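In terms of numbering that gives the first Met the number 0, the sequence shown opens at residue 0 and continues consecutively. For glycine and all other residues, C-beta sits at the position ideal for the given N, C-alpha and C. All figures in this text were calculated on a predicted structure; none of them were measured in a lab. Report on one structure; see the data block that follows.
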Amino acid sequence: MASTRREFLNRVITAGTAVLAAYFVYPVLRFLSPPAVALGQVGRVLVTTTSEMKLNSAKFFKFLDRPAVLVRLPDGSYKSLSAKCTHMGCTVQFESSKDFFLCECHGSEFNMNGDVLRGPASLPLQEYLVSVSGDKIYVSVGNQVA
Ligand code: FES
C-alpha cells in the first residue's frame with residue numbers, strides 16, 4: 000500500500016515538474032527559433048481596408064510567419080508593429096482603453112509606438128511600414144512603398 004502511495008506521489012511530482020519545465024522552456028525555444036520566412040522574402044501584404052479600421056482600434060494578422068498588428072491611432076494615422084514581445088516572444092495584446100500593448104506572459108507593456116513602458120522587455124516592438132492605396136492598407140518590411 001505504501002509503495003502505491005509512493006508511486007502515485009512520484010507520478011504527480013514528475014508530471015508537475017514536466018509542466019513547470021515546459022512553461023519555462025517553451026518561450027525560450029520560441030525566442031531562439033529562426034523565422035520560417037526570412038525578412039525580405041515577402042514584399043508586402045494586404046491587411047485590411049480603411050473602412051474596417053475605426054479610430055483607436057487594432058487588427059492582428061500574421062506577417063513573415065509572426066504575429067503582427069495594425070493600429071489606427073486616435074489621430075487617424077496607421078502604425079504596424081510586430082506583436083511578438085521582445086522579451087521572450089509571447090504575443091502582445093492590445094489594450095484599447097489604455098492605448099498600450101500588454102504582454103501577459105511576464106507583464107511587459109509597450110506604447111502605441113512600440114516603445115517599452117514597462118519591462119522585463121528592454122527592446123521596442125519592431126515597426127513595419129504601412130502604406131495606403133485607395134482603401135487598401137498594406138504592410139511591408141522595408142523600403143517598399145505602395
Ligand atoms: S515574453 Fe516576457 S514579458 Fe513578454
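Check: Residue range of the unbroken beta strand (DSSP E) whose run includes A116; Outcome: Correcting the residue type first, residue 116 is Leu in the shown sequence and not Ala. First-last of the beta strand (DSSP E) with L116: 115-117.
Check: Cross-strand partners of S100 (DSSP beta bridge); Outcome: Rather than Ser, the amino acid found at residue 100 in this sequence is Phe. Paired residues: F93, F109.
Check: Nearest-angstrom Cα separation, counted from S2 out to V46; Outcome: 60 Å
Check: V18 - DSSP class collapsed to helix/strand/coil; Outcome: helix
Check: Distance cut-off 8 Å: M87 Cβ against heavy atoms of the ligand FES; Outcome: yes
Check: Rounded C-alpha distance that separates L54 from R43; Outcome: 23 Å
Check: Check: V46 C-beta below 8 Å from any heavy atom of the ligand FES; Outcome: no
Check: C-alpha distance - F59 paired with R71, whole-angstrom precision; Outcome: 12 Å
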